[in-house]
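Residues in the sequence shown are numbered consecutively from 7, following the numbering used here. Before any comments, here is the structure.
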Amino acid sequence: MFNSVIFLPVIIMAGMAYSILAKKLTVIAAFTGAILASLIYFATGYTGIAMMTTFFILGSAATSWQRRKKQDAAAISETKNGRTALQVLANAGVAGIAAVVILFYPALTYLLLPAMAAAFAAATADTLSSELGMVYGKRFFNIISFKPDRCGSDGVISLEGTLIGVLGSVIIAAIYALGYRWNMNFCFIIIAGTVGNLTDSVLGAVLERKGIIGNNMVNFLNTFIAALVILVMEIVLI
C-alpha cells in the first residue's frame, strides 16, 4: 500500500504548503522542490523522497535553531520569505540530475542511487555543520591555514560542527540502507557526504571569500563532489 503513487501528491502538497506558510521557501522555490521531488520519486520511490524530506526538515530546523545567536556570527542563509529556487537547486539539483539519468538509463540505477544519497548526505552535513557549528562550536579555524578565524566566515570550521555534519551523513545513509539494504554503500555514503562537506569549506575559503563564486555554486559543487566520490568508490572498490 505504501508503494502506491497516490501518497505522492499528498506528500508534495503538504510539503509545499508548510514550506510556503512557514516561510522556509519562496513560492517559486516550493514549486521547484515539488518538481525535483516528483522526479526523485519516479526514479527511486519513497526512499528518495524520504532522503529529500529529511534533508529539508533537518536543514530547516538547524537554520532556525538559536537564530538570534547565529545572527551575531554570520548572515542567515534564508531570506525573509524563505530560500529561493536557486538555493533549492544548489542543494538538490545533483540529486535531480541523478533522477533524470536513472529515468532515461535504468541500467545505471545501481550507481546513481548511492550517488543521489551521497548528494543529500553532503547537503545535510553542510547545513548541519555550518548552522549548528555556530551554536555548539568551541574553537573555530580556517580549513586551509588551520589558524583561528571568525565563526561564520567562509571556510571556517569547528570540530563540533564537523562531527555534527558526519551525523547528518549517517542519518541519510541509514535512510538509504533501510530503503534498499544494508551494505558497503552505507559507509560509502557517509564518507562521500563528509568529503563533500569538507570540500564545501575548502571552496568557501579559497574561492567564495574572494568573490570568485557564490554560495549557491559552492553548495552545488559540494553535492556534486560527494556524488563523484561515491561513484569512484563504487567502480573501484566493488
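Don't be surprised by glycine CBs; every beta carbon is placed ideally from N, CA and C. Quick caveat: nothing in here was measured; it's all calculated off a predicted structure.
The beta carbons of ASN203 and ALA128 sit about 6 Å from each other, so the pair counts as a contact at 8 Å. Spatial neighbours of LEU31 in its own chain (CB-CB distance under 6 Å, excluding positions within 5 residues in sequence) are listed in chain order as SER25, GLY88 and ARG89.
In this structure, the straight-line span from the alpha carbon of PHE147 to that of PRO15 is close to 45 Å.
VAL106 has its alpha-carbon roughly 20 Å from the corresponding atom of ILE17.
Under DSSP, ARG89 shares a beta bridge with LEU31.
Assigned with DSSP and collapsed to three states, ILE149 falls in coil, not helix or strand.
Of all C-beta pairs linking the segment 189-202 to the segment 151-160, fewer than three are shorter than 8 Å, placing the two stretches out of contact.
DSSP links PRO154 through a beta bridge to PHE147. In this structure ILE108 touches ALA49 by the C-beta definition: roughly 4 Å separates them, less than 8 Å.
Taking the C-beta atoms as reference points, ILE178 is found nearer than 7 Å to THR130.
Judged by DSSP secondary structure, ILE55 falls within the alpha helix (DSSP H) whose first and last residues are 52-70. In the assembly as shown, VAL11 is an exposed residue. Its beta-carbon has fewer than 16 other beta-carbons within 10 Å. Within the same chain, and ignoring the five residues on either side of VAL224 in sequence, the residues whose Cβ sits closer than 7 Å to its Cβ are ASP206, LEU209, GLY210 and GLU214. Distance between PHE126 and VAL100, taken at the CA atoms: about 9 Å.
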